[in-house]
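Encoded as structure tokens, the structure appears first; notes follow it.
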Amino acid sequence: MSRRIPLWVTLVPLVLAIGVYWLFWSSWAKDFSAAVERVLPGAPVAVTGFPYRLETALAAPVWRAGAGVKIVASADHALVNRGPWRTELTVIRAAYPKFSAIVGPGFGASFSGKSALISVRIVGDKLARLSAVVEAAQARLGFLPVAIAADGLELHARERVPASDGLQSATLPPRGQLVVKGQRLRLDGGDALTFFADMTVNGAVRLTDFDAWANAGTIEVRGLTLADAHGEVVKLAATVVPVGRTGLRFAGTLETVCPANVVAAVEGAPAVTELRLRAPVRLAFDGVAGAMRLSGVPEDVAQRARRGQDPACPVIRGRV
Numbered sequence: 008m009s010r011r012i013p014l015w016v017t018l019v020p021l022v023l024a025i026g027v028y029w030l031f032w033s034s035w036a037k038d039f040s041a042a043v044e045r046v047l048p049g050a051p052v053a054v055t056g057f058p059y060r061l062e063t064a065l066a067a068p069v070w071r072a073g074a075g076v077k078i079v080a081s082a083d084h085a086l087v088n089r090g091p092w093r094t095e096l097t098v099i100r101a102a103y104p105k106f107s108a109i110v111g112p113g114f115g116a117s118f119s120g121k122s123a124l125i126s127v128r129i130v131g132d133k134l135a136r137l138s139a140v141v142e143a144a145q146a147r148l149g150f151l152p153v154a155i156a157a158d159g160l161e162l163h164a165r166e167r168v169p170a171s172d173g174l175q176s177a178t179l180p181p182r183g184q185l186v187v188k189g190q191r192l193r194l195d196g197g198d199a200l201t202f203f204a205d206m207t208v209n210g211a212v213r214l215t216d217f218d219a220w221a222n223a224g225t226i227e228v229r230g231l232t233l234a235d236a237h238g239e240v241v242k243l244a245a246t247v248v249p250v251g252r253t254g255l256r257f258a259g260t261l262e263t264v265c266p267a268n269v270v271a272a273v274e275g276a277p278a279v280t281e282l283r284l285r286a287p288v289r290l291a292f293d294g295v296a297g298a299m300r301l302s303g304v305p306e307d308v309a310q311r312a313r314r315g316q317d318p319a320c321p322v323i324r325g326r327v
């Protein structure tokens with residue numbers, strides 16, 4: 008005659024397993040808490056999320072970093088979490104985030120938004136990936152005299168490690184990449200456009216020292232487009248060179264079906280009523296912010312074929 012095993016006996020292995028896992032999780036939680044406190048000294052950190060994640064809620068966090076480039080990131084509230092088995096990946100949800108990076112007087116960038124979802128993956132001491140999706144974004148770039156707003160802004164950055172030091176090459180090796188996407192992006196209150204840019208940062212050294220990088224470094228804009236529901240309005244490629252700590256110098260070419268509005272946007276003049284060209288024209292540009300020079304506008308552009316069935320060109324840059 009078989010004997011029935013008491014229920015509590017069958018639960019003992021499960022309870023022991025949970026207890027052992029709790030000990031491991033508690034150790035991971037201490038490491039996670041210490042990592043957050045290193046980044047945000049003095050911030051009260053309470054780790055929750057057992058058993059599947061490590062998570063802490065932060066009120067009004069402020070992160071400061073950088074010596075050559077001063078970086079400040081803050082939010083009204085932030086939720087930081089990490090998987091127990093993936094310590095290299097951190098995910099942050101932030102309410103009303105703000106970010107600024109200052110290189111020199113009038114040379115920097117600032118962003119803010121209603122909310123942001125950010126993931127950071129660091130392998131060793133290198134940035135393997137940083138991705139951010141910002142809702143209701145506002146941006147100011149100190150090297151461009153334009154206020155930027157977007158319903159959604161998506162940024163993806165990563166550090167690139169060259170196969171060699173590039174000293175034998177005619178061009179310096181890539182050190183980083185930045186991809187930016189914007190939905191319903193508006194420049195100085197202009198019409199809403201879709202934005203895309205893919206940029207590679209080349210240099211002789213890692214991007215941990217701005218002055219050393221700026222000696223010979225460049226930013227290669229491999230593709231930047233502004234488009235609306237009826238197609239591309241502007242497409243450009245450029246090389247951007249730092250001018251010490253004062254700004255950036257741009258040189259490149261662009262193609263557009265709305266040349267008059269491109270000229271108005273660059274010069275800060277009011278937009279004009281313009282039908283789209285059937286075939287885009289190519290223009291060259293060079294200079295610094297506020298002193299950009301366009302060349303190559305065809306003399307017969309007013310007589311070229313237009314798309315009469317499409318809406319007029321959008322207002323690329325408004326007048327806020």
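Per my numbering, the very first residue in the sequence shown carries number 8; after that it's consecutive.
Cβ coordinates follow ideal geometry from the N, Cα and C atoms, glycine included.
Reduced DSSP category for residue i - H, G, I as helix; E, B as strand; rest coil
| i | result |
| --- | --- |
| Glu306 | coil |
| Gly90 | strand |
| Asp83 | coil |
| Gly189 | strand |
| Gly26 | helix |
| Ala194 | It is worth fixing the name first, because residue 194 is Leu in this sequence and not Ala. Three-state DSSP puts Leu194 in a strand. |
| Pro20 | helix |
| Ala101 | strand |
| Arg300 | strand |
| Ala164 | strand |
| Ala42 | helix |
| Ala177 | coil |
| Phe57 | coil |
| Ala108 | strand |
Minimum C-alpha distance to residue i - residue among the options
| i | options | result |
| --- | --- | --- |
| Thr225 | Val248, Asp198, Arg136 | Val248 |
| Gly111 | Ala211, Phe31, Phe217 | Phe217 |
| Leu282 | Ala276, Lys188, Val269, Glu274 | Val269 |
| Asp307 | Leu301, Gly294, Leu284 | Leu284 |
| Thr55 | Arg45, Ser40, Val46, Pro48 | Ser40 |
| Val304 | Ile129, Arg326, Pro266 | Pro266 |
| Lys121 | Val127, Phe106, Ile129, Thr97 | Phe106 |
| Gly131 | Leu96, Thr260, Pro152 | Leu96 |
| Ala50 | Ser34, Val69, Ser33 | Val69 |
| Met299 | Ala67, Pro318, Arg213, Leu255 | Leu255 |
| Leu65 | Val76, Val186, Gly75, Val46 | Val46 |
| Leu179 | Arg165, Arg213, Ala199, Val153 | Arg213 |
| Cys320 | Val279, Thr260, Ile125 | Val279 |
| Pro318 | His237, Ala53, Val208, Glu262 | His237 |
| Ala276 | Ala123, Arg182, Pro152 | Pro152 |
| Leu243 | Thr253, Gly251, Val250, Val228 | Val228 |
| Val168 | Ala135, Lys37, Ala245 | Ala135 |
| Gln184 | Ser138, Ala67, His84, Pro48 | Ser138 |
| Val240 | Arg326, Arg128, Leu200 | Leu200 |
| Lys133 | Arg165, Val141, Glu62 | Arg165 |
| Gly315 | Val264, Ala108, Ala74 | Val264 |
| Arg128 | Arg252, Asn88, Ala72, Ala143 | Asn88 |
Opening and closing residue of the beta strand (DSSP E) in which residue i lies
| i | result |
| --- | --- |
| Glu62 | 61 to 66 |
| Ala74 | First-last for Ala74: undefined, no H or E at that position. |
| Val344 | The requested residue 344 is not part of the displayed model; the chain covers only 8 to 327. |
| Phe292 | 288 to 295 |
For residue i, the first and last residue of its enclosing alpha helix (DSSP H)
| i | result |
| --- | --- |
| Ala272 | 266 to 274 |
Just to confirm the assignment: which complete beta strand (DSSP E) runs, minimum length 3, are found wholly within the stretch 112 to 158? 114 to 119, 122 to 130, 133 to 148
For the 8 Å Cβ check, are there 3 or more pairs between the stretch 84 to 92 and the stretch 110 to 118? no
When the Cβ atoms of the stretch 202 to 215 are set against those of the stretch 228 to 245, are three or more pairs found closer than 8 Å? yes
Hey, is the stretch 211 to 226 in contact with the stretch 188 to 200, meaning 3+ C-beta pairs nearer than 8 Å? no
Restricting to runs no shorter than 4 residues, where is the alpha helix (DSSP H) found entirely within the stretch 198 to 264? 217 to 221
Between the stretch 99 to 109 and the stretch 77 to 91, are three or more C-beta pairs nearer than 8 Å? yes
Any chance the stretch 273 to 289 sits against the stretch 137 to 150, with 3 or more Cβ pairs inside 8 Å? no
Under 8 Å, with one C-beta from each stretch per pair, do the stretch 181 to 193 and the stretch 150 to 162 reach the 3-pair mark? yes
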